[in-house]
Amino acid sequence: MSNTLVIIPTYNEKENIEAIIKAVFSQEKQFDILVVDDSSPDGTSEIVSNLQRKFSNLFLEIRKEKN
1 MSNTLVIIPT
11 YNEKENIEAI
21 IKAVFSQEKQ
31 FDILVVDDSS
41 PDGTSEIVSN
51 LQRKFSNLFL
61 EIRKEKN
């Protein structure tokens, strides 16, 4: 685990989330990433879940509650 955590809030970011995650991980400094998805119906969390197989320092929290 690195000392720096990048938090990425998402809602319907299916088209962007993979590129965003890969851009953060391509940096010279090592980061941990926490994606906080607001129950996106477009499959954003599924993309992140698949990327977790490749990146051990990628974490996903799915918010189930609606305000």
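Using the UniProt record's numbering, the letters of the sequence shown map in sequence onto residues 1 to 67.
From the three backbone atoms N, C-alpha and C, an ideal C-beta is built for every residue, glycine too.
Candidates Pro-9, Ser-39, Glu-18 and Asn-3: which alpha carbon is nearest Leu-51's? Glu-18
So with Cβ pairs under 9 Å, would you call Asn-57 a contact of chain C? Absent from the structure: chain C. Only one protein chain is present.
Leaving out five residues on either side along the sequence, give the residues of the same chain with a beta carbon under 8 Å from the beta carbon of Phe-55. Ile-21, Phe-25 and Ile-33
Count the other CB atoms, across all protein chains shown, that sit within 10 Å of the CB of Ser-39; report buried if there are 16 or more and exposed otherwise. exposed
Quick check for students: name the residue ranges of the beta strand (DSSP E) that lie wholly in the UniProt domain "Glycosyltransferase 2-like" (6-66), counting only runs of 3 or more. 32-37 and 58-62
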